[in-house]
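Asker:
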Amino acid sequence: MNSEAVCKKRDFNLVYLGICFLVLTLSTNAVLSIQEALLAGDGHGGQKGYVCLAIDCAFLSLSLWLGPSILTVTGVKVSLIIGALGDVLYSAAFYFDDVKIIYPICATNGLTHALLWTAQGTYLIENSSPKTIARDTSVFWLVICAAPIVGNVVLFFLLDKKAKVDTSTRYLILNVLIGIAFVAVVLFCFIRPAASEDSAQKKKTRRQEGFWEALVKSWKVFIDKDMLLLTPIFCFSGMQMSYSNVIFITSVGFTLNLTTYSKQLVPLSGIFIGFGVIFGGIVQYLCKKKCKFDYERSLFLSAGQFCYIISFVLTVLNFPNDAVFGDTENVGIVFNSVPICLLASFMIGVGQMYTLSNTTNLVAVMFRQQSSQCSAIFNFVKFGASGMTYFYCQFLGLHYQVAILASFGIVGLILFLVVDARTVNKLKSENEKQPEEQEFMPKEHATTMIIMSSNTTLSDLRFSST
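If you're matching positions, the sequence shown starts at 0 in numbering that gives the first Met the number 0 and goes up one per residue.
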């Protein structure tokens, strides 16, 4: 297969992968959006939705250690299908309105998501090249971030002037969203092999590597000096995922004085977060296309942190400290404004795009020969921090949580700049010695870079009700 044909096949595979995840995340994120309301509807409220997500993230984080090893046995396609089926099962659990059923399924969903995102990263990188990896990761994010916007628009109209989700609305939402998730499962069944002239050899090598060998490699990557320096920004990635997708959105719904129908403001805020993600992705894509420079990752991550700081300040000024715990008629320190709320949502989306895409891009470049292991470690830390955030958010006020996030973001940014500069200098030295373009991932390695988070990573909306 000639070079041009390989490029066309790679582009098709990436577009198809994006469509599959767009359909899947549309369903999954919408269900996650209303899970607090579903639990509250039958007297199971009291932040049980936080517990569900904490369980999910805990099992996902731990099982990511085994993700690369399991992938050597199952392969990419089977892992994607299993992961999608886990989302279908998770959504179906809310038919029962019983936390004794939902909690175990949350744990199961965490296990299947480890396979889903490990396989997604493998497929993405095996269809990328050194010149296209930044573009491909950004475009992939951009495509699937359309899903929460569509889901939020649907929920916005379904929840029109509603204080809580009634039974008929709940069953209608679940029926439609589970059907959409099942469509994603079917689409994954038709995904094509990675576009590589030696893809068959890669699959063979992946199976020969062995379960325990992959696990040992994961530990070696975990204790690498640069990986340890990046731990704070990994933690921030997970913490902001919980904040953006759950804590902030929940606080919007609980702040009754923002508007008469505060619950309907929840999906609207989620829509603006999605707009921010897409805006940030478009700006980043255009900048990288028209002007290339060595420290673009550092520049965009710095811009992302700046957007987060603006959002944090607006949140503290516009929302009361107790907004995260339940319905409150208190107001913010200075403002009590819907436009300020939507502006903070938009800035969250921009910061989310710049933080996640550039962090995963740096890791992909740093560990070209151990990409499966390093991305598993990245997500182990990220989802572990996310689970801890869901735990302490039940006790700490909104303003204290924002202060913790800002601290991790600043420290993580400083260490990221150090590691990125070191990586850029190392690549310059390598290019001087061998200017010819090399294969992005060596043939003896199965490549994996988990670009999403998943799960919850892309859910831009959470609905809360009492």
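Ideal Cβ placement from N, Cα and C applies to all residues, glycine included.
Would you kindly work out how many angstroms separate the C-alpha atoms of Y15 and N320, rounded to a whole number?
Answerer: Their backbone Cα atoms lie some 43 Å apart in a straight line.
Asker: Kindly indicate the opening and closing residues of the alpha helix (DSSP H) around P103.
Answerer: Its alpha helix (DSSP H) spans residues 98 to 125.
Asker: Helix, strand or coil for T388 per DSSP?
Answerer: The answer is helix: DSSP assigns T388 an H, G or I state.
Asker: What does DSSP give as the partner residues of T327 in its beta bridges?
Answerer: DSSP lists T254 as partners of T327.
Asker: Among the candidates G150, V251, T121, whose CA atom is the shortest distance from the CA of S26?
Answerer: The candidate whose alpha carbon is nearest that of S26 is G150.
Asker: Quick one: residues in its chain with C-beta nearer than 7 Å to the C-beta of D10, no 5 flanking neighbours on either side, listed in chain order?
Answerer: No residues qualify anywhere along the chain.
Asker: Can we say the stretch 285 to 301 touches the stretch 315 to 333, given the rule of at least three CB pairs closer than 8 Å?
Answerer: Too few Cβ pairs lie closer than 8 Å, so no.
Asker: Helix, strand or coil for S336? Go by DSSP, reduced to three states.
Answerer: Three-state DSSP puts S336 in coil, outside helix and strand.
Asker: State the Cα-Cα distance for the pair K8 and N317, rounded to the nearest angstrom.
Answerer: So the alpha carbons of these two residues sit roughly 49 Å apart.
Asker: Rounded to whole angstroms, what's the CA-CA distance from F20 to D86? Just pull it up for me.
Answerer: Taking the straight line joining both Cα atoms gives about 12 Å.
Asker: Roughly how many whole angstroms lie between the Cα atoms of D165 and V349?
Answerer: Whole-angstrom Cα-Cα distance: 34 Å.
Asker: How long is the line joining the alpha carbons of A375 and T259, rounded to whole angstroms?
Answerer: The straight-line gap from Cα to Cα measures roughly 44 Å.
Asker: Please report the distance separating the alpha-carbon of M346 from that of T314.
Answerer: Rounded to whole angstroms, M346 to T314 spans 11 Å at the Cα level.
Asker: Out of curiosity, what's the CA-to-CA distance linking L173 and V30?
Answerer: Near 7 Å, if we compare the C-alpha coordinates of V30 and L173.
Asker: In angstroms, rounded to a whole number, what distance separates the CA positions of Y294 and R169?
Answerer: Approximately 48 Å between the Cα atoms of the pair.
Asker: Helix, strand or coil, according to DSSP, for R191 in the structure here?
Answerer: Coil, per DSSP.
Asker: Applying the criterion that 16 or more other CB atoms from any shown protein chain within 10 Å of the CB defines a buried residue, is K262 buried or exposed?
Answerer: Under this definition K262 is a buried residue.
Asker: Can you check whether the C-beta of I18 is within less than 8 Å of a C-beta belonging to chain C?
Answerer: Protein chains in the displayed structure number just one, and chain C is not present.
Asker: Taking three-plus beta-carbon pairs below 8 Å as touching, is the stretch 226 to 234 in contact with the stretch 402 to 414?
Answerer: Segments in contact, yes.
Asker: Near F253, which residues of its chain fall below 8 Å by C-beta distance, leaving aside the five closest residues on each side in sequence?
Answerer: Closer than 8 Å at the Cβ level, and outside the excluded window around F253, lie S261, A322, V323, F324, G325, D326, T327, S463.
Asker: Around the C-beta of N12, are 16 or more other C-beta atoms found within 10 angstroms, so that it is buried, or is it exposed?
Answerer: So N12 ends up on the buried side.
Asker: Have a look at V22, A4, R421, C6 and flag the residue whose alpha-carbon is nearest the alpha-carbon of K224.
Answerer: Of the candidates V22, A4, R421, C6, the one whose C-alpha sits nearest the C-alpha of K224 is R421.
Asker: DSSP three-state label for T314, please.
Answerer: Residue state, collapsed to three classes: helix.
Asker: Out of curiosity, what's the CA-to-CA distance linking L460 and A146?
Answerer: Model confidence at L460 stands at a pLDDT of 30, short of 50, so the residue's coordinates are unreliable; what they give is reported in the following sentence. Spanning the two alpha carbons is a distance of roughly 11 Å.
Asker: Could you give the distance in angstroms between the alpha-carbon of I80 and the alpha-carbon of A180?
Answerer: C-alpha separation (whole angstroms): 11 Å.
Asker: Hey, how far is the Cα of I100 from the Cα of C6?
Answerer: Going by the C-alpha atoms only, they are around 46 Å apart.
Asker: With respect to the alpha helix (DSSP H) encompassing G237, which residues constitute its N-terminal and C-terminal limits?
Answerer: Segment 230 to 241, the alpha helix (DSSP H) holding G237.
Asker: When the Cα atoms are used, what is the spatial distance from I406 to L171?
Answerer: At residue 406 the sequence reads Ser, which differs from the Ile that was named. C-alpha separation (whole angstroms): 42 Å.
Asker: Span of the alpha helix (DSSP H) holding S128?
Answerer: Neither: S128 is in no alpha helix (DSSP H) and is coded neither H nor E.
Asker: Among I148, Y242, A194, which residue has its Cα nearest to the Cα of T24?
Answerer: Taking only the C-alpha atoms, the option nearest T24 is I148.
Asker: To the nearest angstrom, how far is it from the Cα of Y399 to the Cα of Q393?
Answerer: If I take the Cα positions, the gap works out to 12 Å.
Asker: Could you tell me if S534 is buried or exposed, where buried requires 16 or more neighbouring beta carbons within 10 angstroms of its beta carbon?
Answerer: There is no way to answer for residue 534, as the model of the chain reaches only from 0 to 465.
Asker: Under the three-state reduction of DSSP, which class applies to Q393: helix, strand or coil?
Answerer: Three-state result, Q393: coil.
Asker: Taking buried to mean at least 16 other C-beta atoms within 10 Å of its own C-beta, is K381 buried or exposed?
Answerer: Buried: at least 16 other Cβ atoms inside 10 Å.
Asker: Give the single residue among A83, V77, L395 whose Cα lies nearest to the Cα of S250.
Answerer: Checked all of A83, V77, L395; the closest Cα to S250 is L395.
Asker: Just the Cα atoms here: how many angstroms apart are I268 and F366?
Answerer: For the sequence presented, residue 268 should be read as Ser rather than Ile. The straight-line gap from Cα to Cα measures roughly 37 Å.
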